[in-house]
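So the structure is just underneath, and the comments pick up after that.
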Amino acid sequence: MPGGRFAREGSLVGQVVKIGLLGLFTALGVWAVLPLYIGGNWLGIGLVVAVVGLVYYVYLSKRTVPAKYLVPGVLFLMVFQIFPVLYTMSTSVTNMSDGHRGSKEQAISAVESLSVTRTADSEEYALTVAAVGDPETGELVFLLTDAEGDTQVGDADGLSELAGATVEDSGKVTDAFGYTILTPAEVNERSGELEEFAVPTGSGAGIRSSGLSTAYEGRALRVYDESCDCVTDTETGDVYTADAERGAFYNDEGQRLPQGWQVNVGADNFARFLFDPAFASSFFSILLWNIVFAVAVTGLVFVVGLAVALTLHVPKMRGKVFYRVLVVLPYAMSSLAMYLLWRDMFNTDFGVINQVLGLRIDWFGSVWGARAAVILANVWLGYPYMFLVATGALQAIPRELGQAAQIDGANPWQAFRQVTLPLLMVAMTPILVATFAFNFNNFNAVWLLTRGGPLFSDNSTAGATDLLITYTYRLAFNEATAQYGYAAALSVMIFLIVSVISVTSLWRSKALKEVD
Amino acid sequence: MSVDTVRTAPTRYRRGAGTRLSLWATRLGWRHVVMWVVAAFALFPVMFVVSAALNPLGTLSSSQLWPTGASLDNARDLFSNTPFTTWYANSLFFALTNAAVTVLLSALAAYAFSRMRFKGRKVGLIGLLVIQMFPQFLAIVAIYLMFSSIGEYYPVIGFDTRWGLLLVYLGGALSINTWLMKGFFDTVPKELDESAQMDGATHAQVFFRIMLPLVTPVLAIVGLLVFISTINEFLLASVFLRDTEAKTLGLGLYQVVASSRNANFGMFSVGAILLSLPTLIVFWFLQRFITEGLTSGAVKG
Numbered sequence: 001m002p003g004g005r006f007a008r009e010g011s012l013v014g015q016v017v018k019i020g021l022l023g024l025f026t027a028l029g030v031w032a033v034l035p036l037y038i039g040g041n042w043l044g045i046g047l048v049v050a051v052v053g054l055v056y057y058v059y060l061s062k063r064t065v066p067a068k069y070l071v072p073g074v075l076f077l078m079v080f081q082i083f084p085v086l087y088t089m090s091t092s093v094t095n096m097s098d099g100h101r102g103s104k105e106q107a108i109s110a111v112e113s114l115s116v117t118r119t120a121d122s123e124e125y126a127l128t129v130a131a132v133g134d135p136e137t138g139e140l141v142f143l144l145t146d147a148e149g150d151t152q153v154g155d156a157d158g159l160s161e162l163a164g165a166t167v168e169d170s171g172k173v174t175d176a177f178g179y180t181i182l183t184p185a186e187v188n189e190r191s192g193e194l195e196e197f198a199v200p201t202g203s204g205a206g207i208r209s210s211g212l213s214t215a216y217e218g219r220a221l222r223v224y225d226e227s228c229d230c231v232t233d234t235e236t237g238d239v240y241t242a243d244a245e246r247g248a249f250y251n252d253e254g255q256r257l258p259q260g261w262q263v264n265v266g267a268d269n270f271a272r273f274l275f276d277p278a279f280a281s282s283f284f285s286i287l288l289w290n291i292v293f294a295v296a297v298t299g300l301v302f303v304v305g306l307a308v309a310l311t312l313h314v315p316k317m318r319g320k321v322f323y324r325v326l327v328v329l330p331y332a333m334s335s336l337a338m339y340l341l342w343r344d345m346f347n348t349d350f351g352v353i354n355q356v357l358g359l360r361i362d363w364f365g366s367v368w369g370a371r372a373a374v375i376l377a378n379v380w381l382g383y384p385y386m387f388l389v390a391t392g393a394l395q396a397i398p399r400e401l402g403q404a405a406q407i408d409g410a411n412p413w414q415a416f417r418q419v420t421l422p423l424l425m426v427a428m429t430p431i432l433v434a435t436f437a438f439n440f441n442n443f444n445a446v447w448l449l450t451r452g453g454p455l456f457s458d459n460s461t462a463g464a465t466d467l468l469i470t471y472t473y474r475l476a477f478n479e480a481t482a483q484y485g486y487a488a489a490l491s492v493m494i495f496l497i498v499s500v501i502s503v504t505s506l507w508r509s510k511a512l513k514e515v516d
Numbered sequence: 001m002s003v004d005t006v007r008t009a010p011t012r013y014r015r016g017a018g019t020r021l022s023l024w025a026t027r028l029g030w031r032h033v034v035m036w037v038v039a040a041f042a043l044f045p046v047m048f049v050v051s052a053a054l055n056p057l058g059t060l061s062s063s064q065l066w067p068t069g070a071s072l073d074n075a076r077d078l079f080s081n082t083p084f085t086t087w088y089a090n091s092l093f094f095a096l097t098n099a100a101v102t103v104l105l106s107a108l109a110a111y112a113f114s115r116m117r118f119k120g121r122k123v124g125l126i127g128l129l130v131i132q133m134f135p136q137f138l139a140i141v142a143i144y145l146m147f148s149s150i151g152e153y154y155p156v157i158g159f160d161t162r163w164g165l166l167l168v169y170l171g172g173a174l175s176i177n178t179w180l181m182k183g184f185f186d187t188v189p190k191e192l193d194e195s196a197q198m199d200g201a202t203h204a205q206v207f208f209r210i211m212l213p214l215v216t217p218v219l220a221i222v223g224l225l226v227f228i229s230t231i232n233e234f235l236l237a238s239v240f241l242r243d244t245e246a247k248t249l250g251l252g253l254y255q256v257v258a259s260s261r262n263a264n265f266g267m268f269s270v271g272a273i274l275l276s277l278p279t280l281i282v283f284w285f286l287q288r289f290i291t292e293g294l295t296s297g298a299v300k301g
């Protein structure tokens, strides 16, 4: 049994530290439970209690010595790496995107409350626009005061009581616990969001703002009817029927309401980029370039790094240390800043590369110019690492081996090729695989240089230097409509491709078999 | 006798001045030529950024490979027109804290993997290798959605906060680093810690007093690698930190050249040098460990 060999009781200092850390952890657990309790999230509370219990069990038991060393890292790994991976996988089989974020109920209440119009008997409220948390990004809420002076808070789910707010004479709320009141400038900045915001008040009614300080409660023009599972537009008479497969309401002409809900679409996202011609062509062209990029960069940094290492690998060379420092310099510079620097060095009009070489090449405007530029910049940043590794590996190989081969009649090239290189590759293969995997997903390398561009003339979403990861990022965060489901499916595909390539090559190099 | 003397030590040459020179050229001279070419390739972007940082006009269009003047105007602009010090402090906070905590978490796990035999050990090791093929930023969509709701419950670790992003970074603490460390831990003779156990040391005492001092090189190398990658991390930070004040220096510099690329180039160059400075310093101190650390971990798996 592991742990059995060790002394049973730790030192006094050890015990005190242990008790202190456990106490700190318990306090953290209590802190974590409080907001969950207020929000009524029992699943969350259960999880926190389970984690605290697990930690107590592991550190108080005498039988779990390996776990004592693994738990801290593994907890982080589970919460911030494995859980997101599983979440990505579950998102990849949904249609989640802007317009398909929540449940069907949320979509219905959004449809109804957004079509609210003022009627003759509409009730008026004094309005204060506020946000939960950060004024720029927090969820919008309406702080409302009705004619009797009662205050309420309205969010996308409906109205609730607001107690203990400070109200001025005009009826505007000037302070409310838990909400950040937006200044007129901040409201203005979020005016687009405000236009699409309404508080549903049930049975086809809702509250919308009219200007910055008043709101009204009106009737919805579009009303959901459960019996037909459809939305009727009372003004135009159009009927929009729910489509459970696509997660939106469609009318007979096939027009949809903008507010949809999240549904499971199975393997549709995957099928789309494998078989749908429009998506498949961009996916496969990006994949091909992605592989070419990763292979080219890995190959070139290996060749350059090894060549430099071999050049310096002689006993009687002067200035070795000096050369080493110069050659390794790119590795010690911040790559993020250097990518941005290279981007400007390739500038057509003022870039130092065109200037020095007397060229007028539009590097980032042409497909192959941009690709060459991206590869060149990455070789500059990457070869010093290979040089360091190759130097280390060369030092581990006895020089006598190569000399013996030459005495046996081999020329230097043969001796290197037949004797030194195979030995070198034993050490270098895992590094090469890691470098390949790293470059396959080297987001910075492309995003900071070209942002994936230039875009192909016949395709507005895929660029000539786009890697799958930059394409995914653009789909999820940079397009007009964020397609989370599709982006997640791409992430899963990238994971499969990289892990299959890496694991097979590691397996063949026997690195994995030696785990003991 | 080296490889090269075997190749080029023919007895038929008389050792006159001319032949000595050609002998030197074939043995060492060409190597110096190659190294000068490589050094020039390595240096020219660095020279350009230094020259642009000193350029009095501070624009991209006026920047040359050789410095055309020396002025600190760009540095002054950077400090007065942008929240440079806040950005810099943020970057250093992330890089240093992440490096320190990652080294600790990784070393703890590597100690267990190297010295103890338990159920699920092999699965755990291979699992670590596979899970890091799904780098965190591939799950960026999920992390974004996850923190949208975490931020509602716990504003202190929500978007635009240091602690939130740090937690995300720490999710990647056990990764290839743990393998690198385990490889190095394996090279420390078992007899050392076993004899300490015989003398009555607890496992914690063995770890902190015996193991850690012996594996300093690999701790240093992992710390350096994490430091470098955190300083250069862009994707997670750009999704997480949207407030100007909360940004890291990398994000801030990106913004500086995004808004006005030509005019702000001098400011950017100063920032680029300052961003590289901590890495250069750490690199300089750790360089004797680097080659050893990089290769020994890799060879031993």
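Those protein sequence lines, which keep their order, are chains A and B.
The numbering of the first sequence is our numbering, which starts it at 1 and goes up by one.
The numbering of the second sequence is our numbering, which starts it at 1 and goes up by one.
Cβ atoms here follow ideal geometry from the backbone N, Cα and C, with glycine treated the same way.
Chain order gives the chain A residues near residue 136 of chain B as 80, 81 and 84, where near means a beta carbon separation below 8 Å. For residue 95 of chain A, the number of other beta carbons within 10 angstroms of its own is at least 16, and it is reported as buried. With 16 or more other CB atoms across the displayed protein chains lying within 10 angstroms of its CB, residue 232 of chain B is buried. Taking 9 Å as the cut-off between beta carbons, the residues of the segment 443-465 of chain A near chain B are 443, 444, 447 and 448, in sequence order. Within the same chain, Cβ atoms closer than 7 Å to the Cβ of residue 47 of chain B are found at 65, the five residues on either side in sequence being excluded.
Closest in C-alpha terms to residue 234 of chain A, from the list A:117, A:317 and A:128, comes A:117. One Cα belongs to residue 435 of chain A, the other to residue 407 of chain A, and the distance between them is close to 36 Å. Comparing alpha carbon positions, the residue from A:334, A:153 and A:113 closest to residue 142 of chain A is A:153.
The alpha-carbon of residue 70 of chain B is positioned some 51 Å away from that of residue 130 of chain B. Taking C-beta atoms as the reference points, residue 289 of chain B and residue 221 of chain B count as a pair closer than 8 Å.
Comparing alpha-carbon positions, the option among B:251, B:197, B:58 and B:182 lying closest to residue 216 of chain B turns out to be B:182. Minimum Cα-Cα distance from residue 54 of chain B among the listed residues B:32, B:39, B:78 and B:36 corresponds to B:78. Taken in chain order, the whole alpha helix (DSSP H) runs of length 4 or more contained in the segment 149-233 of chain B are 162-170, 176-186, 190-198 and 216-231. Residue B:279 holds the alpha-carbon nearest to the alpha-carbon of residue 95 of chain B among B:285, B:286, B:279 and B:284.
Excluding five sequence positions before and after residue 341 of chain A, none of the CB atoms of its chain fall closer than 8 Å to its own CB. In the displayed model, residue 77 of chain A falls within a helix according to three-state DSSP. DSSP assignment within the segment 380-452 of chain A yields the following whole alpha helix (DSSP H) runs of 4 residues or more, N-terminal first: 399-407, 412-415, 421-440 and 443-447. At a cut-off of 8 Å between beta carbons, residue 210 of chain B makes no contact with chain A. Along the segment 251-268 of chain B, going in chain order, the ones with a CB nearer than 8 Å to a CB of chain A are 253, 254, 257, 261, 262, 265 and 268. Around the Cβ of residue 384 of chain A, a 10 Å sphere holds 16 or more other Cβ atoms; the residue is buried. A buried status is given to residue 112 of chain A, since no fewer than 16 other beta-carbon atoms sit within 10 Å of its beta-carbon. Contacts with chain B at 8 Å (Cβ-Cβ) include residue 469 of chain A. Contact annotation, residue 68 of chain A with residue 58 of chain A: C-beta distance approximately 6 Å; criterion of less than 8 Å satisfied.
Within the DSSP bridge table, the entry for residue 214 of chain A names A:126 and A:210 as partners.
Here residue 223 of chain B is buried, its C-beta having at least 16 other C-beta atoms within 10 Å.
Straight-line measurement puts the Cα of residue 236 of chain A at about 19 Å from the Cα of residue 248 of chain A.
For residue 197 of chain A, the three-state secondary structure derived from DSSP is coil. Taking residue 491 of chain A as reference, the option from A:500, A:473, A:481 and A:508 with the minimal CA-CA separation is A:473. A direct Cα-to-Cα measurement between residue 379 of chain A and residue 44 of chain B gives close to 14 Å. For residue 161 of chain A, the pairing in a beta bridge is given by DSSP as A:152. For residue 366 of chain A and residue 395 of chain A, the gap between their C-alpha atoms comes out near 43 Å. In terms of CA proximity to residue 161 of chain B, B:244 leads the group B:122, B:80 and B:244. The beta carbon of residue 220 of chain B sits no closer than 8 Å to any beta carbon of chain A. Residue 116 of chain B has a beta carbon lying within less than 8 Å of a beta carbon in chain A. Residue pairing for residue 256 of chain A: DSSP places it in a beta bridge opposite A:250. If you compare the alpha carbons of A:350, A:477 and A:313 with that of residue 35 of chain B, the shortest gap goes to A:313.
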